[in-house]
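Residue numbers (my numbering): 13 to 109.
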């Protein structure tokens with residue numbers, strides 16, 4: 013399932029609130045950016061990344077596999093990396109290659 017996700021699965025979610033499970037708790041996050049990556053191999057999906065923001069700028073969870081609840085694709089176990097806060101929350105990047 014994860015290898016079939018594309019940029020087009022996430023781009024419509026920009027600005028929308030989704031849920032991410034960090035440990036045992038669900039937290040709201042907003043999809044703030046989706047962008048194509050570079051490289052890629054012929055016949056394979058184009059790499060891309062998704063940035064989400066959780067509304068707690070002074071609290072973050074370490075990088076690791078966490079559960080993102082996608083409105084159409086259900087629960088997805090994804091590797092999230094904290095990339096730093098902005099003015100309203102901590103940002104996390106998810107990279108698909």
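The beta carbon of each residue, even a glycine, is placed where N, CA and C say it ideally should be.
Span of the alpha helix (DSSP H) around residue 20: 19-22
CA nearest to the CA of residue 94, picked from 67, 56, 24: 67
With a threshold of 8 Å, are at least 3 pairs of Cβ atoms found where one atom belongs to the region 48-60 and the other to the region 68-82? no
With distance defined between alpha-carbon atoms, name the residue in 59, 30, 40 nearest to residue 18. 59
CB residue 29 to CB residue 37, shorter than 8 Å? no
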